[in-house]
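One structure is given here, and the rest of the page talks about it.
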Amino acid sequence: MPVARPEPQEPRVIAHLDLDCFYVQVEQRRNPALKGQPTAVVQYNDWKGGGLIAVSYEARKFGVKRSMRGDEAKNVCPGINLVQVPVSRDKADLNVYRNAGSEVLVVAILSTKGKCERASMDEVYLDLTDAAKEMLLESPPESSESIFDEATKSNILDLPSDVGEREENVKAWLCRADANYQDKLLACGAILVAQLRVKVLEETQFTCSAGIAHNKMLAKLVSGMHKPAQQTVVPSSSVQDFLASLPVKKMKQLGGKLGSSLQGDLGVETVGDLLGFTEEKLQEYYGVNTGTWLWKTARGISGEEVEDRLLPKSHGCGKTFPGPKALKNHSSVKSWLDKLCEELSERIQSDLSCNKRVAQTLTLHARASKENESNSVKKFPSKSCPLRYGTGKIQEDAMKLFESGLHDFWGSRNAGWSITSLSVTASKIFDIPSGTNSILKYIKGPSSDASSAILDSSSTPELTPLVDNNLYMTPVHEQCEPSSINEECGNSISAKQCRSIEGKGVPKKLSKVQGTGSILKFLSQSQPAQHEKRNFDGLICSHQGPESSSGASEAEQHGRDNINTAVVHSSGSGNTWMLNVEDIDPAVVGELPLEIQREIQGWIHPSKQATPKKRGSTISSYFSPAGR
DNA sequence: ACGGCTTCCACT
DNA sequence: TAGTGGAAG
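Now the structure itself:
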């Protein structure tokens, strides 16, 4: 359910940019013969010619729709070109589109001063407030000799759009000297966006549409109003009338059940109809948050900020296995899961090397149905666990998650289930703070140059980052002294070791860890009795792998080495917590050797490092696509 | 046989 | 937290 955000007092200029039938454009650029032709992109599927996922405007004229089957499209539009989505590992591979989408982001961010948010593969929000203000001061539209061509093609919500001298009207609107301050800012925004769209076209060959308004909601709402390759402006004076007649279902967030409920339960057909309800009344029906959100939405109010984010918050890949394709045994599930995990691993690996980001959580989703039980109520539960890097590990963990989910779903019965979809997702992705050093530096000594090589994936096929919250440690097999590695556990501390530790202060087994010179060494070394008073027994790397049917001891049974999660154990309460590194008592660190302290401070308080994301001057310094 | 595949968000 | 559900494109 949507929630209202406090809105900034000052008027903002927000733009929403939307690539027109994006997948098609990507294919048209790859094969220019397709330009101007009725074209659609299909996800290959031997069933009825596959499913359409993007349709060119030429094909739309024939009534071709997304969600049609390839065969259907051929029927209504015999001349249509159907292009298939690339396939790898027997599943659709969307990387070419992801990467093309980031090209646009690059252009946007290079040519825009304000914040830039990747809303999806083919959508961007921009906060142009500052740029518009600046323009208003330095080269306001009214003083411009010639208003930029593209800008004069804007659609202004207030203005009639069909009259012959439309462009003259638009020009007049953009330059109105008697406009209020907000409209003037919007006019500047419209010019900036027009320029940006031209630039995007020049540099990527992609056309896009845009909405320019005072908030995200309105910008998004109108960016699709005039397509393709056009932009629409929402002056604040036109908001009321515009919303009054707008069907509720057209509003973002109201396209689904909430919108249906408004219609069915409250008899609200248009956004204007919502005005007949008090905020309290709406809250009664839909709760405080959503009630307020609805009340504000009806008035065109939205405080949502444009976030400064260019990269996705998660990576996922999945596949469905409809009908007869359903998976009915472990080995078929395993082989598909392996493929999905391979792709996922590639993508997070690429995110790591390109963007210096690590993912912390692995989640498995599945859909299942039961034989003979037509409408089984029960759903296959999602399961997640800390994400361990390495294709093999991800595959192994994903399979465990599946087994665990299957157990919840199916109990201990053997057969009779069937899986109709599988997906794996990597989420909770964090930037590696720029000052971060690898733990290897300490393993091999300060003179080692291993730390600089740590993020250079060209030297190592697969990095294995260890993440305990914001603390970044990276052991790499090839770079460690063989002798310093615990054979059984690879580069990690075993769950068994951790268990043996719990509640017993610094354990004997830890000596092995200390021998490798991990950060544990420094933290635990500095832990005489006084730290116990602070409820710190030690900083322990422990495993929190997927729980499986047999419960907590399972990890032990399988000798699941791990790593990812740091926990702090309190002898006082007997409790164990996930460690938020920022919670470490500075006094603990204060007892370390000075040289080490300086390093660790950077790890422990990465946020206080004051390393604002600087935008460099080259494209690659701004952004590197995460795919492939 | 569900449109497939992603991504994001709020709630509990 | 992990897990669920809704929504969008």
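So the first sequence is residues 483 to 1110, counted in my numbering. We treat Cβ as the ideally placed atom computed from N, Cα and C, and that holds for glycine.
| Asked | Found |
| --- | --- |
| For Val506 and Ile562, what's the separation of their Cα atoms in angstroms? | 12 Å |
| Does the segment 498–517 touch the segment 796–807, meaning 3 or more C-beta pairs lie closer than 8 Å? | no |
| Going along the chain, which unbroken runs of the beta strand (DSSP E) with 3 or more residues stay wholly within the segment 662–714? | 690–695 |
| Secondary structure at Lys739, three-state DSSP: helix, strand or coil? | helix |
| For Val589, count the other beta carbons within 10 Å of its own beta carbon; 16 or more makes it buried, fewer makes it exposed. Which is it? | buried |
| Going straight from the alpha carbon of Glu685 to that of Arg870, what length do you get? | 38 Å |
| Can you tell me the Cα-Cα spacing of Ala654 and Glu824, whole angstroms? | 57 Å |
| Closer than 8 Å is the cut-off here; do at least three beta carbon pairs connect the segment 489–506 with the segment 537–549? | yes |
| Taking Ala692 as the reference, give the member of Lys517, Pro717 and Ile496 with the closest Cα. | Ile496 |
| For Met483, count neighbouring C-beta atoms within 10 Å of its own C-beta (all shown protein chains included) and say buried if the count is 16 or more, exposed if not. | exposed |
| What does the alpha-carbon distance come out to for the pair Gln745 and Val715? | 28 Å |
| From the DSSP output, in three-state form, read off Lys810 for me. | coil |
| Are Ala672 and Leu656 close, meaning C-beta to C-beta below 9 Å? | yes |
| Just the Cα atoms here: how many angstroms apart are Ser1052 and Ile783? | With a pLDDT of only 29 at Ser1052, under the threshold of 50, the placement of this residue in the model should not be trusted; the figure read from the coordinates follows. Whole-angstrom Cα-Cα distance: 48 Å. |
| I need the DSSP call for Phe504, collapsed to helix, strand or coil. | helix |
| Suppose you measure from the CA of Pro729 to the CA of Val753; what does that come to, to the nearest Å? | 6 Å |
| Note down the Cα distance separating Ala522 from Val558, rounded to an integer number of angstroms. | 13 Å |
| Which same chain residues, not among the five before or five after Pro520, have their C-beta less than 8 Å away from its C-beta? | Ser538, Glu540, Ala541, Lys543, Phe544, Val546, Cys559, Gly561, Ile562 and Asn563 |
| Below 8 Å on the Cβ atoms is my guess for Ala897 versus Leu826; work out the distance and round it to an integer in Å. | That pair is no contact at about 28 Å. |
| Terminal residues of the continuous beta strand (DSSP E) containing Cys799? | His797 to Thr802 |
| Can the beta-carbon of Ala808 be found less than 9 Å from the beta-carbon of Ser718? | no |
| How many Å lie between His696 and Thr611 at the Cα? | 9 Å |
| What's the gap between the Cα of Tyr607 and the Cα of Trp892? | 44 Å |
| Who pairs with Phe912 in a beta bridge, going by DSSP? | Val840 |
| If you count every other CB in all the chains shown that lies within 10 Å of the CB of Val485, and 16 or more means buried, which is it? | exposed |
| Based on the DSSP output, what are the partners of Thr902 in its beta bridges? | According to DSSP, which records beta bridges pairwise, Thr902 is partnered with nothing at all. |
| Apart from the five residues on each side of it in sequence, which residues of its chain come closer than 7 Å, Cβ to Cβ, to Ser570? | none |
| Mind checking who Lys573 pairs with in its DSSP beta bridge? | Ser570 |
| Starting from the Cα of Pro493, find the closest Cα among Ser796, Leu667 and Cys867 and give me that residue. | Leu667 |
| Is the number of C-beta pairs between the segment 860–880 and the segment 841–852 that are closer than 8 Å three or more? | yes |
| I need the boundaries of the beta strand (DSSP E) containing Arg600, first residue and last residue. | Cys598 to Ser602 |
| Could you spell out where the beta strand (DSSP E) holding Leu725 opens and where it closes? | Run containing Leu725: none in the beta strand (DSSP E); it sits in the alpha helix (DSSP H), Val721 to Ala726. |
| Give the DSSP bridge partners of Arg791, in chain order. | Glu599 |
| With Gly773 as the anchor, note down where its alpha helix (DSSP H) starts and where it stops. | Glu761 to Ala780 |
| With C-beta atoms as the reference, is Thr772 less than 9 Å away from Met699? | no |
| Which residues mark the beginning and the end of the beta strand (DSSP E) in which Thr634 is found? | From DSSP, Thr634 is part of no beta strand (DSSP E); its letter is neither H nor E. |
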